[in-house]
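Here the structure is laid out as structure tokens; the discussion comes afterwards.
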Amino acid sequence: MFVGSDTMNEFKSEDGAIHVIERRCKLDVDAPRLLKKIAGVDYVYFVQKNSLNSRERTLHIEAYNETFSNRVIINEHCCYTVHPENEDWTCFEQSASLDIKSFFGFESTVEKIAMKQYTSNIKKGKEIIEYYLRQLEEEGITF
């Protein structure tokens with residue numbers, strides 16, 4: 001579950017066409033209490049970088065974990081672009097990787113939790129993106 005975020009870096013081009021924002025996000029992961037106790041954490045942190053290019057009509061989202069990055073490596077990349085044959089359509093590409101080095105003998109459990117969390121967040125992520133797209137549309141930004 002998403003708890004909150006802090007902006008780490010933000011860049012806007014002079015003409016406003018390019019907007020890049022990097023956030024450190026805090027999650028309360030649905031994991032067994034014993035695993036959280038052994039790991040010594042209540043929350044996990046990841047970094048998300050959103051790069052909006054209005055000129056090219058693209059949005060790139062990259063995310064990676066900070067917490068346990070020496071034991072577990074999680075990377076995700078999403079890309080929204082205009083469909084090459086129909087400008088009213090949006091193409092969405094998503095890729096993710098999970099590499100568990102070692103996790104106190106709980107590698108299998110961590111993998112199951114990560115996959116469960118990831119698949120449940122796909123739907124939530126889609127809803128959030130659609131919310132922001134509607135908000136932009138209401139502001140008259142449709143390009």
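Using UniProt numbering, the letters of the sequence shown map in sequence onto residues 1 to 143. Even for Gly, the Cβ is constructed at its ideal location relative to N, Cα and C.
(request) Leaving out five residues on either side along the sequence, give the residues of the same chain with a beta carbon under 7 Å from the beta carbon of H83. (result) If you number the sequence shown from 1, residue 83 lands on position 83. Once the five neighbours on either side are set aside, the close Cβ partners of H83 are W89, T90 and C91.
(message) At the level of alpha carbons, what is the spacing between H77 and Y45?
(response) If you number the sequence shown from 1, residue 77 lands on position 77. If you number the sequence shown from 1, residue 45 lands on position 45. About 17 Å.
(message) Considering only the alpha carbon of each residue, which of S51, S69, V29 and G105 lies closest to M115?
(response) Walking along the sequence shown from the start, residue 115 turns up at place 115. For M115, the nearest C-alpha among the options comes from V29.
(request) Quick one: grab the DSSP three-state call for K112. (result) Looking up residue 112 in the sequence shown gives position 112. K112 falls in the helix class under three-state DSSP.
(request) Specify, as a first and last residue, the run of the beta strand (DSSP E) that F92 falls within. (result) Here residue 92 is taken as the residue at index 92 of the sequence shown, counted from 1. Annotation for F92: the continuous beta strand (DSSP E) segment containing it runs T90 to I100.
(message) Do F103 and R71 count as a contact pair if the criterion is CB distance below 7 Å?
(response) One-based indexing of the sequence shown puts residue 71 at position 71. One-based indexing of the sequence shown puts residue 103 at position 103. Less than 7 Å separates the beta-carbon of R71 from that of F103.
(message) Which residues does DSSP list as the beta-bridge partners of Q48?
(response) By 1-based counting over the sequence shown, the position of residue 48 is 48. BP columns for Q48 point to R23 and A63.
(message) E66 and K49 - do their beta-carbons sit closer together than 7 Å?
(response) Taking the sequence shown and counting its residues from 1, one reaches residue 49 at position 49. Taking the sequence shown and counting its residues from 1, one reaches residue 66 at position 66. No. Outside cutoff.
(request) Give the secondary structure of I141 by DSSP, where H, G and I count as helix, E and B as strand, and everything else as coil. (result) On the sequence shown, position 141 is the one that residue 141 refers to. Three-state DSSP puts I141 in coil, outside helix and strand.
(message) When you compare the CB positions of N53 and I18, do they come within less than 7 Å of one another, or not?
(response) For this step, residue 53 is matched to residue 53 along the sequence shown. For this step, residue 18 is matched to residue 18 along the sequence shown. It is a contact, given that the beta carbons lie within the stated cut-off.
(request) Check Y80 in the structure and name its three-state DSSP category. (result) Numbered from 1 along the sequence shown, position 80 holds the residue referred to as residue 80. Three-state result, Y80: strand.
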